[in-house]
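The working numbering puts the first residue of the sequence shown at 1, with every later residue one more than the last.
Take a look at the structure below.
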Amino acid sequence: MHAAYAEEVLQLAARTTSAARRPLASLKRTCLHVASRHVAHMDTEALIGLPVSLVQDLLPHLSIYDLIRLQPALNQRGTPLRCYIHNHHQIQTHTGLDLHTRLGRISTHSAWVLILQDIKGAHRVLDLHSEDGSKQEAMDTCFQLMFYGFKYKGVAKQIFNVNITTLFLVMAKYIKRFYLRPSQFLQTFAKEQRALLTILEGSVGVVDVKHHKDLLKAESQFALYVLHRLVDHGQAKELIIYGLDPAMLNWILQDRGSQHAHHHQQQQQQQPSVHRSNPTAAAAADNSADTEEGGVAPCKRPKLDVRLGEPEAETLRSPVEPELLCQAFALYGSCLSGSCPRGQICSLQIRECGRSTLGVLVPFLPTWLCLRSLTIQSCWIFRVTEVQLLATSLKQLGQTSSSSLVDLSVAVLPQTALMERLLDACPGLHSLSLEIHPLEVDPGPHGTGVTPEPAVLQELSLKKLSVKVPQVLADIHSITAVLKHSPHLTSLHISGIRLPTSSSHREILSSISEFNHRLRTLHLEDINLADCHQDILNLLRNCMLEELSLKDCRLLEKCSDRESYLQQLMDSLKKVRSLRSLCLSQNRLAKSAPALAELFTGSPSSAVKRLDISSNFIQPAELLELGQRLQTHPPQQRLTLDLRKNPWDRDRETWHDALRTLRPLCDFLTDGWKSRNTMADHISNM
């Protein structure tokens with residue numbers, strides 16, 4: 001199946017190349033292109049020994065297979081491969097070079113980024129600053145696309161001189177995340193790609209499962225088999241699930257972390273057999289019966305109704321025990337016998353969580369001892385009663401001494417008071433992320449309002465807190481109460497809190513200043529701080545921040561003297577000696593941008609290494625002035641400057657002059673944003 005796909009891709013690429021009229025390439029580029037197609041036949045040591053500039057020019061032409069093979073040698077190029085020491089004579093390498101005459105390490109970072117740009121486009125591949133990170137992203141992305149038969153740009157280059165099955169086997173050792181989708185290509189895992197699945201068992205740590213609603217279809221049955229192999233036989237302990245049928249979710253959760261399953265199986269054996277023969281009906285019936293009691297018990301997996309002795313039995317009749325899955329698909333390979341192991345799901349993310357899905361999940365939680373991270377994201381706002389039921393189950397789990405849960409993310413809550421309820425249920429959490437859409441009336445089945453009971457918080461273990469409230473919020477008491485009881489907090493992200501006209505965000509800033517002295521990362525986004533200038537300066541006087549983001553905070557909206565306030569802000573930021581990253585994006589800096597150079601004046605100057613001033617309508621002339629000021633007072637170390645979504649096209653020549661001025665001092669991020677095409681949107685935001 002994959003061989004046919006590879007042949008089709010190469011034929012399509014050949015037709016496209018012959019039909020396209022390309023300008024004549026330079027002799028150097030032509031030689032590099034030809035050489036890249038025969039790298040496998042070259043002597044590796046000779047290739048690595050080429051001048052650095054020539055090797056770097058060759059890297060963008062190499063395929064994934066060649067990059068994987070050459071990267072270790074390129075990375076170790078600066079280290080002598082063989083050293084000979086005789087008495088106290090000079091240490092030499094096999095090339096005769098002195099130990100101090102090192103050739104210099106070569107990074108493959110740019111080559112991996114280029115592969116991703118071929119797939120996603122240049123403007124969508126951002127913030128990949130490390131070689132390992134870009135390699136991992138490229139490998140995971142390319143593997144999934146090729147495995148599922150997508151004909152993306154550049155795939156022909158990857159399989160031109162290597163068998164696609166060989167390429168899969170080489171890549172599989174590096175794949176950390178597998179995307180499980182309904183596809184006929186999954187069947188190859190039970191046929192010609194059995195060896196590939198075995199390698200993936202040892203490398204994949206995250207399985208991303210999406211939409212297998214009809215469990216009787218062959219694609220879904222193969223998906224269950226692959227999921228079983230990766231989770232139960234392999235190393236995958238993290239699942240990301242999108243909008244699954246309750247029966248499918250129940251099948252996944254059974255016996256993979258919760259002690260609830262054994263007790264419930266005994267209960268299910270006493271239920272009518274019709275529920276066991278139809279998993280969807282069983283889930284629906286359980287849903288209806290248990291909602292009145294405030295919970296939904298998961299249904300038992302039914303027995304396999306298929307004669308394994310018949311070779312044509314490629315489609316199983318219903319969700320089955322993992323052992324029977326292994327035996328059924330062993331028709332294509334070696335027969336398996338005995339019981340299969342059960343893996344442990346330590347991290348679970350449920351996206352597009354429906355009410356029936358939440359009903360299946362909640363009963364598993366009280367005894368899910370190995371669960372460390374739980375994410376629940378709904379397409380709509382949860383009811384107060386549903387969140388209270390979730391909190392009750394989590395509290396039962398937290399009361400168990402061997403509970404592992406430290407990371408919780410829930411969206412979308414109807415009231416901020418429920419944040420306190422969840423923290424009261426899980427005081428041992430290290431990380432909490434919430435999205436809240438405050439409603440005056442709880443969206444219950446009859447539209448009746450339900451007010452959650454107030455929680456009395458003790459000192460929390462919380463180290464990371466993220467709260468997003470994209471609507472008007474009348475009361476911020478719950479947020480400040482949590483800040484007050486979180487002395488260990490090191491990371492805080494608050495986004496979108498809009499207060500009535502008569503209120504201010506000063507209470508949040510003063511709470512941070514008073515109670516959260518251990519903060520290392522502070523992100524305030526889409527919050528109106530126009531009247532909080534002094535509070536911001538007070539916060540900066542006594543903090544140890546390493547990363548500060550004040551994105552879209554209207555900092556200069558009410559300033560009568562912008563230059564004076566920016567001078568005060570820069571002076572305060574310079575005194576935060578730990579600060580390494582500063583974001584002032586979307587604050588309408590415009591003509592005030594050159595004042596940011598004050599950050600690096602005086603002694604001591606700021607040690608900031610990353611400065612984000614994107615989306616500030618900075619004109620080319622202002623950027624040029626900023627560059628000239630930085631030339632006079634250069635940063636302590638090379639600065640990464642984010643300049644995206646600024647109107648570079650208003651004066652392109654001046655903009656390029658500004659970039660040339662900045663280049664000796666900065667690495668900058670730019671894009672092709674067209675200010676004239678998007679001016680209407682920009683004005684509406686301004």
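Think of the CB as a built atom: it goes at the ideal place given N, C-alpha and C, for glycine as much as any other residue.
Assigned exposure category for residue i - 16 Cβ within 10 Å defines buried
i, result
"H228", "buried"
"A111", "buried"
"L54", "exposed"
"H633", "exposed"
"M570", "buried"
"P322", "buried"
"R638", "exposed"
"Q254", "buried"
"L99", "Residue confidence is low: L99 scores 31 on pLDDT, short of 50, so the model does not pin down where it sits. No coordinate-derived value is stated."
"T79", "Because the pLDDT of T79 is 44, which lies under 50, any placement of that residue in the model is unreliable, and the question is left without a value."
"M146", "buried"
"K574", "buried"
"H38", "exposed"
"C553", "buried"
"H689", "Past the edges of the chain, shown from 1 to 686, lies residue 689, and the structure says nothing about it."
"K151", "exposed"
"E542", "The question names Glu, yet the displayed sequence has Asn at residue 542. Label assigned to N542: exposed."
"G359", "buried"
"M248", "buried"
"Q458", "exposed"
"Q267", "Only weak support exists for where Q267 lies, its pLDDT of 44 falling under 50; the value from the coordinates is given anyway. Burial call: exposed."
"Q759", "Summary: the structure shown does not reach residue 759, with the chain confined to residues 1 through 686, and so no result is reported for it."
"K135", "buried"
"W380", "exposed"
"P604", "exposed"
Residues sharing a beta bridge with residue i, DSSP
i, result
"A411", "Q377 and E435"
"H493", "S466 and H523"
"D43", "In the DSSP output, where bridge partners are listed per residue, D43 has none listed."
"R610", "S581 and T640"
"Y242", "K210 and R351"
"T473", "It should be noted that the sequence gives Leu, not Thr, for residue 473. According to DSSP, which records beta bridges pairwise, L473 is partnered with nothing at all."
"D667", "T640"
"R498", "V472"
Own chain residues within Cβ distance below 6 Å of residue i, not counting five before or after
i, result
"S373", "S347 and D407"
"K153", "D118"
"S393", "V362, L365 and P366"
"C666", "L639 and L641"
"S495", "K468, E525 and D526"
"H33", "H61"
"E45", "none"
"A411", "Q377 and E435"
"T601", "H633"
Whole-Å CB distance - residue i paired with residue j, under 8 Å assumed
i, j, result
"E137", "L116", "6 Å"
"V579", "L548", "The identity of residue 579 in the sequence shown is Leu, whereas the question assumes Val. Contact flag correct, Cβ pair sits at about 6 Å."
"R650", "P620", "6 Å"
"L390", "P366", "The Cβ separation is near 11 Å, so there is no contact."
"H688", "R518", "In the structure as shown, the chain begins at 1 and stops at 686. Residue 688 is therefore absent and cannot be evaluated."
"A530", "E557", "4 Å"
"G205", "A172", "13 Å between Cβ atoms; not a contact."
"N492", "I512", "Here the sequence assigns Leu to residue 492, which means Asn is not the residue at that position. Correct: roughly 7 Å between the Cβ atoms."
"L465", "P438", "L465 to P438, Cβ: 18 Å. No contact."
"D232", "P341", "5 Å"
"L413", "I376", "With 8 Å as the limit, L413 and I376 do not qualify as a contact, their Cβ atoms being about 10 Å apart."
"G627", "A658", "5 Å"
"V482", "L540", "That belief does not hold up - the Cβ atoms of V482 and L540 are roughly 22 Å apart, past 8 Å."
"L432", "L423", "7 Å"
"Q728", "R421", "Summary: the structure shown does not reach residue 728, with the chain confined to residues 1 through 686, and so no result is reported for it."
Same chain, Cβ closer than 7 Å to residue i, five either side skipped, listed in chain order
i, result
"A13", "A156"
"E625", "P594"
"F329", "A190 and Y225"
"A3", "I164"
"L169", "A195, L196 and I199"
"K674", "D649"
Cut-off 8 Å between Cβ atoms - residues of its own chain near residue i, not counting five sequence neighbours on either side
i, result
"I175", "M139, D140, F143, L200, S203 and V204"
CB contact below 8 Å: residue i versus chain C
i, result
"G243", "The structure shown has no chain C; it contains just one protein chain."
(request) Give, in chain order, every unbroken run of the beta strand (DSSP E) that is at least 3 residues long and sits entirely within the stretch 541-607. (result) Here the runs fully enclosed are 547-551 and 581-583.
(request) Tell me the start and end of each unbroken beta strand (DSSP E) in the stretch 162-235 that is at least 3 residues and wholly inside, in chain order. (result) Every unbroken stretch of the beta strand (DSSP E) spanning 3 or more residues and falling wholly within the stretch 162-235 is given here in chain order: 177-180 and 206-210.
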